[in-house]
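S.K.:
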Amino acid sequence: MHVEHINPKNVYDSLSTRGYTQVITATGVQKLVFISGQLPLDENNKLIGEGDIEAQTRACYENLRKSLASAGADFSNVVRMTTYITDLIEHPKGIRKVRAEYFGTETPPTSTMIEIPRLLNNMLIEVEALAVI
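Under our numbering, think of the first position of the sequence shown as 324, with each following residue one higher.
This is the structure we're talking about:
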């Protein structure tokens, strides 16, 4: 499998300003891995990091890591993410900080961030992903 990250020069700079790649192509893919929205919950369904976007993002990414591993994948296989958040003004900075810890800043996945009115039980974020193997 070959994965290419492309950031066209004639499209705005998403890599250094927002931390995501504009285009990813994957050839020779053997398996697609679809990960449902991961929540900031522990294995006992208890909220992690109430009111703390970085803690909740980290919890979502840890659940994402475990979910990817169950399919034989890791963060390097993720090509697409959709992030649902409750505050598009305040939350992105903390989310981008945590995302860089997990994906680095050179070849992050493509990404869309969507503000929604609320999530259940004081959750601030939900993250879904698509990976290729």
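Built from N, CA and C at the ideal position, the CB exists for glycine as well.
Since I believe M324 is in contact with I456 (beta carbons under 8 Å), could you give me their beta-carbon distance rounded to a whole number of angstroms?
M.R.: Rounded, the Cβ-Cβ distance is 7 Å, consistent with contact.
S.K.: What residue from E366, E429, T406 has the CA that sits closest to T340's CA?
M.R.: Among E366, E429, T406, the Cα nearest to that of T340 belongs to E429.
S.K.: Can you tell me which of the three DSSP states R403 falls into?
M.R.: Strand at R403.
S.K.: Whose CA, out of D397, M436, S399, P432, lies closest to the CA of K416?
M.R.: Considering only alpha carbons, the answer is M436.
S.K.: Keeping to the same chain, check which residues put their C-beta closer than 8 Å to that of A378; ignore five residues upstream and five downstream.
M.R.: The answer, listed in chain order, is P363, I371, G372.
S.K.: Apart from the five residues just before and just after E327, which ones in its own chain have a Cβ nearer than 6 Å to its Cβ?
M.R.: Excluding positions up to five away in sequence, the list reads T348.
S.K.: Taking DSSP as the reference, what is the three-state secondary structure of V356?
M.R.: Of the three classes helix, strand and coil, the one that applies to V356 here is strand, per DSSP.
S.K.: Out of T406, Y384, H414, which has the shortest C-alpha to C-alpha gap to D365?
M.R.: It is Y384 whose Cα lies nearest to the Cα of D365.
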